[in-house]
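S.K.: Chains as they are written, first to last, in the numbering used here: chain A, 1 to 396; chain B, 1001 to 1152; chain C, 2001 to 2272.
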Amino acid sequence: MKKKNRNVAIIGVGQSRFSSHREDVNQPELIHEAVTEALEMAGLTVDDLDCIVHGNMELFEMVHQPDLWHSLGMGAYGKEVLRITTGGTTGATIAAAADNLVASGLHDVVVAVGFEKLQEGHTTGGITNMNDPLWGRNLQTGALTGMQAEIMGLEFGPERARNAVMHYRIIMDKHAMLNDKAHRRLGLEFDQIEALTKNSPVLMGEMRMIDMCSQSDGACAVIFASEAVAKKHCAQPAWIKDHITVHREETFSIDTSGMTTQEMTHRYAARKLYERNGIKDPRREIDVFEMYDPSNWWGTDWLREFLLLEGDEHLRMIEKHEIAIDGSFPVNPSGGVIASNPIGATALVRVGEAALQVMGKAGAHQVPRPVNTALASGFGGTLWTVLFLLTREVPH
Amino acid sequence: MAEINKDDCFVVKGKLALPYQYFAGRMGSRFIIALRDRKKITGVRCERCDRVFVPPRQTCEGCQGDLSEAWVDLDDTGTVTGFTVIRYKEPHQPCEPPYILALVQLDGADTPLVHIVRGIEPEAMEVGLRVKAVFADQTTSTIMDISHFAPA
Amino acid sequence: MTDQEASVKHVFQTMESRVNAEAAAGLTASYGYRITGENGGEWTVTVKDGSVKVIEGLHDPQVVTTASDQDFLALNLGALDAMTAFSAGRIQVEGNMNLLGPAARLFKKYMPPGMEGVEEQREELIRLNQILSIPQTFSTGPIMGKFLKGLKDKRILANVCPQCGRYQVPPREVCAMCRVRVTEFREIGPEGALTIADIAYYASPDPLTGETRETPYAAAHFMLDGCVGGTFWHELNPADIPRARPGARVRPVWAENRTGSINDILHFEIVD
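Next up, the structure:
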């Protein structure tokens, strides 16, 4: 098992209100909302911050190096600032960096700041731009794809697949209704499944608008502290037990020859994380999972990958509502990415929300049972997966 | 077909073209509207640090105090604290080169703002020059509602 | 509902006086509204030559929006967000949805009777709209360059890993799995079979041109004859979308004027 140099905990989480109507603030002002809230929860001031790790998707708002401008809102004046951008998974990568910085002994208090102001840019155009200009750019449509729906339809039959993902969708919306920071809170009910499916416009293949995440403006700030600082300032910190990053960009094609091992990064990351932390039965040993789910198709499929399941076990979990906030394996009590997706912040929000659950500070969307172990995932472009394991007990 | 041939390399012309929008926010909007409608340059004053910021911002970077209602009006006159002369041509520039880009610290302000200086030859330009704002006749709801600064 | 209160009828009655000239300029479209409920009705809004006409009834509109009287009024009073209502199935749209975008700012905000002057007192928030267009050049390098030159000659080239024997198309400098240099090129296809098609109904701007593509289009994966390993990602002829199924035989359609670009293949079409 991996042993860290020293323990690190999350002691403060701040989020701005996520919305598509934040014309009242410019970018630093939006970030300031999140940073202020995080500091308040941690009982710290800007002077207590040693270092700021900043991230968002590069050029999405058509502004280069926005960390320089954002220093106005981050309390970065006169401090060390690092900027990291890894696509959709940026938020989780900055969390990993903040954890590493504190674990190393270099700093005692580091704040990770993730943000995005998607109303100011063009999301799909921006994502498409990551593609090879000589080959794929004219084919890609941002992060939208109907292939997952197609593949699941072939495996389980289109009706069952569609029904399962709609249950997933509505459960996520019910969770979002409990989270006043969430962007989209639609008030959906299960008897609307047929009408919603029929009326929602198709985007790509069988993927419809109702299946996709939102495009939000928002910022998130999470404060990472050393054991000494955490114990001094926080009654119940969320300890970072472990994190892992896996990505693969070897192939961008469908390999039907079986010559490449196409194990999903999710499954690989989960396997490694569980192995090195002695987790034999994740479904029972993990109390809550904040999963990065850009669409209900992916959220459903990845449940199988993250829990190392086979067959249709994941569909049955969803059909029986085991992933609901009061179920046996709650997923995204915050409403997840489908409810709010300010891309640069989103993966950080997963870590932050998992931490809130461990700290007991998730308010109306707190899972109604003790949270000893929480899992959070980030996901981005090249099947990049980051997994975080947070615990109530101090790791030793 | 086994070798790698440098003659196979070539260059493709393309571009990156994406639409975007920028929100000035409440603070930024008030600043621009004052320039546009009242021909007035405004800033904010942090009482605790005794500093006046122009252009205004919501938070004092020193003490993190909230400045959203701490507005002050400033005079149109100030001093050049630094400058550079732009001599090359690029499509995104606001005017034909050569032109002078200067840091202008308005009387009463603690931070300079960047703008164009006209009405003086680049060779005669110097730090310490006293300048005055000239407002635009045709406004665009941007910083160019100040057309430029001229020697006072 | 008295004349002094906000109503669906009043929203339509005041529309022509609330037109934003800038938004109406250059727009030619007709919008239908089917408002259900006691206080509902049907209206058609026609925009042409910078002027807007609102008439009762549905008269061949290009797009029809259906909503309840309560929801429609709430939308206009700013109490209900359009995207939320649409996603939750409370608004339905039939016809050419792309026309809705340009109409978003067609009218100034609706004010209930007696409150028309209030608008001016609301805070103005400045937003700047721009298109950033940066010229760029891309170097192909020798491997991609060889592949693109092959397309000019109507040949599709893959390269083969000396270790695992896998083909990569487009060719890459190293085998992505074995991490060894790949130097041998082989011609594949040009015919093959469709593996999976991703049909796009939602248009988004192409960053290389700034233009929006026509939909539907299909980005698809093709297993070309002779290729062992991965598929070739390109486009399926939009006209063949209804016939697309895994295993369908396909062949490339070449552009007449070929320059050494991926677009030298216009698309693949299904072979009967």
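Beta carbons are placed, not taken as given, at the ideal position from N, Cα and C, and that holds for glycine.
If you're wondering where the values come from, they're calculated on a predicted model, not measured in any experiment.
With distances taken between CB atoms, is the gap from Gly12 of chain A to Leu44 of chain A smaller than 8 Å?
M.R.: yes
S.K.: If I follow the unbroken alpha helix (DSSP H) through Ile170 of chain A, where does it start and stop?
M.R.: 158 to 176
S.K.: Listing by chain order, which chain B residues have their CB less than 8 Å from the CB of Ile2131 of chain C?
M.R.: Ala1017, Leu1018, Pro1019, Tyr1020
S.K.: If we count the other Cβ atoms within 10 Å of its Cβ and call it buried at 16 or more, is Val1011 of chain B buried or exposed?
M.R.: exposed
S.K.: Any C-beta of chain C sitting closer than 8 Å to the C-beta of Ala354 of chain A?
M.R.: no
S.K.: At which residues does the beta strand (DSSP E) containing Lys198 of chain A begin and terminate?
M.R.: Here Lys198 of chain A belongs to no beta strand (DSSP E); instead the alpha helix (DSSP H) covers 193 to 199.
S.K.: Per DSSP, what kind of secondary structure is Ile1116 of chain B in: helix, strand or coil?
M.R.: strand
S.K.: Could you tell me the boundaries of the alpha helix (DSSP H) in which Asp2069 of chain C lies?
M.R.: Its alpha helix (DSSP H) spans residues 2069 to 2076.
S.K.: The beta strand (DSSP E) that contains Asn2159 of chain C, what's its start and end?
M.R.: Segment 2156 to 2160, the beta strand (DSSP E) holding Asn2159 of chain C.
S.K.: Which runs of the beta strand (DSSP E), 3 residues or longer, sit entirely within the region 2206 to 2272 of chain C?
M.R.: Correct list: 2217 to 2224, 2232 to 2236, 2249 to 2254, 2265 to 2270.
S.K.: Against Leu72 of chain A, what residues of chain C qualify as contacts under a CB-to-CB distance less than 8 Å, listed in chain order?
M.R.: Those within 8 Å of Leu72 of chain A in chain C number zero; the least Cβ separation is about 18 Å.
S.K.: Who are the neighbours of Ala1024 of chain B on chain C, taking C-beta pairs under 8 Å?
M.R.: Leu2125, Ile2126, Arg2127, Leu2128
S.K.: Please decide whether Cys1009 of chain B counts as near chain C, where near means a Cβ-Cβ distance under 8 Å.
M.R.: yes
S.K.: Quick one: using the 10 Å Cβ neighbour count with 16 as the cut-off for buried, is Met152 of chain A buried or exposed?
M.R.: Around the C-beta of Met152 of chain A, 16 or more other C-beta atoms lie within 10 Å, and the residue is accordingly described as buried.
S.K.: With a CB to CB cut of under 6 Å and the five nearest residues on each side skipped, what residues in its chain are close to Glu40 of chain A?
M.R.: Excluding sequence neighbours, Glu40 of chain A sits near nothing in its chain.
S.K.: For Thr45 of chain A, does the three-state DSSP call read helix, strand or coil?
M.R.: The answer is coil: DSSP assigns Thr45 of chain A none of H, G, I, E or B.
S.K.: Quick check on the burial criterion: 16 or more other C-beta atoms within 10 angstroms. Buried or exposed for Thr123 of chain A?
M.R.: For Thr123 of chain A, the number of other beta carbons within 10 angstroms of its own is at least 16, and it is reported as buried.
S.K.: How would you list, in chain order, the residues of chain A whose beta-carbon sits under 7 Å from the beta-carbon of Glu1061 of chain B?
M.R.: Leu72, Tyr77
S.K.: So which residues on chain A does Ser2204 of chain C lean against when the C-beta distance must stay under 7 Å?
M.R.: Thr124, Gly125, Thr128, Thr141, Gly142
S.K.: Leaving out five residues on either side along the sequence, give the residues of the same chain with a beta carbon under 7 Å from the beta carbon of Met2001 of chain C.
M.R.: Low confidence applies to Met2001 of chain C: its pLDDT is 44, below 50, so where it sits in the model is not reliable, and the reading given next is rough at best. Closer than 7 Å at Cβ, skipping near neighbours: Ser2007, Asn2039.
S.K.: Would Asp2198 of chain C and Met204 of chain A be called neighbours here (beta carbons separated by less than 8 Å)?
M.R.: yes
S.K.: When the Cα of Gln148 of chain A is compared with those of A:Leu101, A:Gly363, A:Trp298, which residue comes out closest?
M.R.: Considering only alpha carbons, the answer is A:Trp298.
S.K.: Quick check: is the beta carbon of Lys1089 of chain B nearer than 8 Å to any beta carbon in chain C?
M.R.: Between Lys1089 of chain B and chain C, the shortest Cβ-Cβ separation is not below 8 Å.
S.K.: According to DSSP, Ile2188 of chain C sits in a beta bridge with which residue or residues?
M.R.: C:Ile2156
S.K.: So, do the region 215 to 227 of chain A and the region 109 to 116 of chain A have three or more beta carbon pairs nearer to each other than 8 Å?
M.R.: Yes, the region 215 to 227 of chain A touches the region 109 to 116 of chain A.
S.K.: Touch check for the region 282 to 301 of chain A and the region 323 to 338 of chain A: three-plus C-beta pairs under 8 Å?
M.R.: By the Cβ rule, the region 282 to 301 of chain A counts as touching the region 323 to 338 of chain A, because three or more pairs are nearer than 8 Å.
S.K.: Find the residues of chain B that neighbour Gln2136 of chain C, judging by a C-beta separation of less than 8 Å, and give them in chain order.
M.R.: Lys1013, Gly1014, Lys1015, Leu1016
S.K.: Spatial neighbours of Glu319 of chain A within its chain, please: CB distance less than 7 Å, with the 5 preceding and 5 following residues excluded, ordered by chain position.
M.R.: The residues are Ala164, His167.
S.K.: Under the rule that 16 or more other beta-carbon atoms within 10 Å means buried, what is Phe2147 of chain C, buried or exposed?
M.R.: buried
S.K.: Using beta carbons (cut-off 8 Å, strictly below), is Ser2007 of chain C in contact with chain B?
M.R.: no
S.K.: Quick one, which residues of the region 1094 to 1125 of chain B are near chain A if we go by CB-CB under 7 Å, in chain order?
M.R.: none
S.K.: I want to see whether chain B comes within less than 8 Å of Glu2016 of chain C, judged by CB atoms only; does it?
M.R.: no
S.K.: I'd like the ranges of any alpha helix (DSSP H) spanning at least 4 consecutive residues and lying wholly in the region 45 to 78 of chain A.
M.R.: As far as the region 45 to 78 of chain A is concerned, its whole alpha helix (DSSP H) runs of at least 4 residues are 66 to 74.
S.K.: State the Cα-Cα distance for the pair Gly1108 of chain B and Lys1040 of chain B, rounded to the nearest angstrom.
M.R.: 14 Å
S.K.: Between C:Gly2101, C:Glu2173, C:Lys2149, C:Ile2156, which lies nearest to Thr2024 of chain C when the distance is taken from Cα to Cα?
M.R.: First, the amino acid is wrong: residue 2024 of chain C is Ala here, not Thr. Nearest option by C-alpha distance: C:Gly2101.
S.K.: Chain C beta carbons: is any one of them nearer than 8 Å to that of Ile1033 of chain B?
M.R.: yes
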